[in-house]
Amino acid sequence: MSQLLLQVLNLQTRLLTHRGALCPVDGVSLAIRRGETVALVGESGCGKSMTALSLVRLVPRPGRIVSGQVLFDGEDLLLKPDAEMRRIRGRRIGMVFQDPLSTLNPTLRVGHQIEESLRVHGVARGPAARQRSVELLEAMGIPSARERLQSYPHELSGGMRQRVMIAIAVSCEPDLLIADEPTTALDVTLQAQIMDLLARLKAERGLAILLITHDLGVVSQFSDCVAVMYAGQIVEQGPTADLLQNPRHPYTQGLLRCVPRLGRPDLEILPIEGSVPDTVSPPPGCRFAPRCPEAWNRCWTEMPALRPHGEGRTVRCHLYAEPQLLAGEGGME
18 MSQLLLQVLN
28 LQTRLLTHRG
38 ALCPVDGVSL
48 AIRRGETVAL
58 VGESGCGKSM
68 TALSLVRLVP
78 RPGRIVSGQV
88 LFDGEDLLLK
98 PDAEMRRIRG
108 RRIGMVFQDP
118 LSTLNPTLRV
128 GHQIEESLRV
138 HGVARGPAAR
148 QRSVELLEAM
158 GIPSARERLQ
168 SYPHELSGGM
178 RQRVMIAIAV
188 SCEPDLLIAD
198 EPTTALDVTL
208 QAQIMDLLAR
218 LKAERGLAIL
228 LITHDLGVVS
238 QFSDCVAVMY
248 AGQIVEQGPT
258 ADLLQNPRHP
268 YTQGLLRCVP
278 RLGRPDLEIL
288 PIEGSVPDTV
298 SPPPGCRFAP
308 RCPEAWNRCW
318 TEMPALRPHG
328 EGRTVRCHLY
338 AEPQLLAGEG
348 GME
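Per this note's numbering, residue 18 is the first one in the sequence shown, and the count goes up by one each step.
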C-alpha cells in the first residue's frame with residue numbers, strides 16, 4: 018500500500034450555466050495508493066460525483082476541466098489523447114455508477130454487455146469471453162450465472178444489477194475502481210453485501226478504490242483514508258479512524274453529529290442548518306462560514322488554505338492557521 022497510484026493536484030472543473038460558470042470541482046487534491054480505499058464524503062451537491070467524472074475525463078458538456086493534474090502511475094491523464102483515454106477507462110480504471118438501471122443498456126442482455134467490455138479492451142473474445150463472463154458473475158455471488166447472462170437488466174433485482182455493474186467494472190482487472198455511491202437505493206442487507214463484495218475484490222485483486230459516499234458508517238468500516246468535500250473543495254483529509262475519532266473541521270464535526278450512535282441514546286442528533294452554497298457565486302471567504310457555529314471575522318473575508326495539521330492530516334480552516342497569523346485577529350462573531 019506504499020506505492021502511489023493516483024495523485025490529483027489542484028483539479029478544477031467548470032460547468033457553463035445560464036447564470037454563469039459553476040465550479041463543482043475547485044482546486045481538489047488527493048492521493049490514492051495501490052491497494053488502498055479512499056472515501057470521498059460530503060452532502061449531496063458538494064461535487065463528489067463531478068470529481069469522479071473529472072478524473073476519467075467524462076465531464077458532461079458544456080463542462081470542461083480548466084486546470085490541474087491527474088497523475089495515474091505518474092502520467093497525466095489530462096494530457097492523454099482521447100483514444101488512449103478510452104483504452105484506460107475500463108481497462109485500467111473501472112467505474113461503478115450510482116444507478117445501474119440507467120447505466121446498463123436496457124436493450125442488451127447482461128452477457129452481451131460484459132463480453133463487450135472484454136472484447137473492446139482485448140481481454141477475450143468468443144467462447145473465452147462467454148466463459149469469462151460466467152466466472153465474473155459467479156465471483157460476484159450471482160447464482161445460476163450462465164443462465165443470468167441471458168437476462169435483461171430489468172429482469173434482475175437491484176442488488177443483482179449492481180453486481181453486474183461491478184463485474185463489468187472489474188472484468189479487465191483494473192488497478193483502480195471508482196465506486197460512486199455503489200449502495201444507493203439498496204436496502205441495508207444488500208448494502209452490506211455489496212460493500213463486503215468490494216472489500217473482498219480489493220483483498221483478492223489488490224484493487225485501489227475511490228469510494229464516493231455520504232454514509233459515514235460505510236466509511237468507518239471499509240475505507241483506509243477519508244477526504245471530506247464541501248462546495249467543490251476538500252476541507253479535511255486523514256486516516257479514517259483518526260479523522261472520525263478526532264474531526265477537526267467544523268463541517269466534519271457537523272456531519273458526525275448527524276449520525277446516530279449505537280448504545281448512546283443520550284447523544285442528540287443535530288442536523289447542519291442551511292445548505293451547500295451555489296458555486297456560481299460562493300461566499301467570499303470560507304464556503305462553510307454561513308453554516309459554521311465557529312465562524313469569526315476572518316472566515317467571512319479570506320479563503321482558508323488546506324494546511325497540514327498532525328500526522329497524515331490536512332484541514333481547511335482558519336481555526337488551525339499558524340498562531341502568528343492569528344495574532345491580533347478579532348474574536349468570534
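All residues carry an ideal CB built from backbone N, CA and C; glycine is no exception.
As the structure is a prediction and not an experimental result, all values here were calculated from the model.
### Message
Less than 8 Å between C-beta atoms, sequence neighbours within five positions excluded: which residues of the same chain meet that for GLY291?
### Response
PRO307 and ARG308
### Query
Rounded to a whole number of angstroms, what is the C-alpha to C-alpha distance between VAL83 and LEU32?
10 Å
### Query
Taking DSSP as the reference, what is the three-state secondary structure of ARG324?
strand
### Task
Can you tell me which of the three DSSP states TYR268 falls into?
Helix, per DSSP.
### For ILE229, three-class secondary structure by DSSP
strand
### Message
So for ASP213, helix, strand or coil by DSSP?
### Response
Reduced to three states, the DSSP call for ASP213 is helix.
### Query
Which runs of the alpha helix (DSSP H) fall wholly inside the stretch 35-87 and span at least 4 residues, in chain order?
For the alpha helix (DSSP H) assignment, the uninterrupted runs of no fewer than 4 residues enclosed by the stretch 35-87 are, from N- to C-terminal side, 65-72.
### Query
Can at least three beta-carbon pairs, one atom from the stretch 188-197 and one from the stretch 218-233, be found at a separation below 8 Å?
yes
### Query
Taking PRO256 as the reference, which of ARG163, VAL243 and SER119 has the closest Cα?
VAL243
### Query
Any idea what DSSP makes of GLN341, helix, strand or coil?
Reliability fails at GLN341, whose pLDDT of 42 lies under 50, so the model's placement of it is uncertain and the value that follows must be treated cautiously. Here GLN341 carries a helix assignment [DSSP, helix/strand/coil].
### Task
Return the residue from the list ASP259, LEU207, GLY329 and MET182 that minimises the CA-CA distance to SER119.
MET182
### Query
Run through DSSP, which three-state label would MET177 get?
helix
### Query
Is HIS138 buried or exposed, if buried means 16 or more other CB atoms sit within 10 Å of its CB?
buried
### Query
What's the C-alpha gap between ILE185 and LEU173?
15 Å
### Span of the beta strand (DSSP E), counted from its first residue to its last, around VAL151
Where VAL151 is concerned, there is no enclosing beta strand (DSSP E), although the alpha helix (DSSP H) it sits in stretches over 143-156.
#### Entry: Local Cβ density within 10 Å of GLY347, reported as buried at 16 or more and exposed below that
Legend: pLDDT at GLY347 = 41, less than 50; position of this residue unreliable, value from coordinates given subsequently. With fewer than 16 Cβ atoms within 10 Å of its Cβ, GLY347 is classed as exposed.
### Query
Starting from THR257 and walking both ways along the alpha helix (DSSP H), at which residues does that stretch end?
Note, THR257: alpha helix (DSSP H), 257-262.
### Task
Classify CYS334 as buried or exposed, calling it buried when 16 or more other Cβ atoms lie within 10 Å of its own Cβ.
buried
#### Entry: Assigned secondary structure, GLY347 (DSSP; H/G/I helix, E/B strand, else coil)
Here GLY347 scores only 41 on pLDDT, less than 50, and its place in the model should not be relied on; the value that follows carries that caveat. Judged by DSSP in its simplified three-state form, GLY347 adopts coil rather than helix or strand.
### Message
Can you confirm whether PRO191, when its beta carbon is compared against all beta carbons of chain D, has any partner nearer than 8 Å?
### Response
Absent here is chain D; the protein component of the structure consists of one chain.
### Query
Alpha carbon to alpha carbon, what distance is there between THR34 and ARG78?
Roughly 10 Å between the two C-alpha positions.
### Message
Can you list, in chain order, the residues of its chain with a C-beta nearer than 6 Å to that of ARG317? Leave out the 5 residues immediately preceding and following it.
### Response
Position check: residue 317 holds Trp in this sequence, whereas Arg was assumed. The residues are GLY302 and ALA306.
### Message
Can you tell me whether ARG274 is helix, strand or coil according to DSSP?
### Response
helix
### Distance, GLU311 Cα to GLU350 Cα
Per-residue confidence for GLU350 stands at a pLDDT of 36, beneath the threshold of 50, marking its modelled position as unreliable; the derived number appears in the next sentence. One C-alpha to the other measures close to 8 Å.
### Task
Pull up the distance between the alpha-carbon of LEU154 and that of LEU233, whole angstroms please.
Looking at the two C-alpha atoms, the distance is approximately 29 Å.
### Query
Out of curiosity, what's the CA-to-CA distance linking ASP331 and VAL276?
One detail in the question is off: residue 331 reads as Thr in this sequence, not Asp. Those two C-alpha atoms are separated by around 23 Å.
### Task
Count the other CB atoms, across all protein chains shown, that sit within 10 Å of the CB of ASN27; report buried if there are 16 or more and exposed otherwise.
exposed
### Query
By how many angstroms is the C-alpha of THR230 removed from the C-alpha of LEU323?
22 Å
### Task
Using DSSP bridges, identify the partner residues of LEU22.
LEU22 is not bridged to any residue.
#### Entry: Chain-order list of residues whose beta-carbon lies under 6 Å from that of ALA338 (same chain, five-residue window excluded)
Take ALA338, set aside five residues on each side of it, and no residue of its chain has a beta-carbon closer than 6 Å to its own.
### Message
Less than 8 Å between the C-beta atoms of HIS266 and VAL293, yes or no?
### Response
No; because the gap between Cβ atoms is not below 8 Å, this pair is not in contact.
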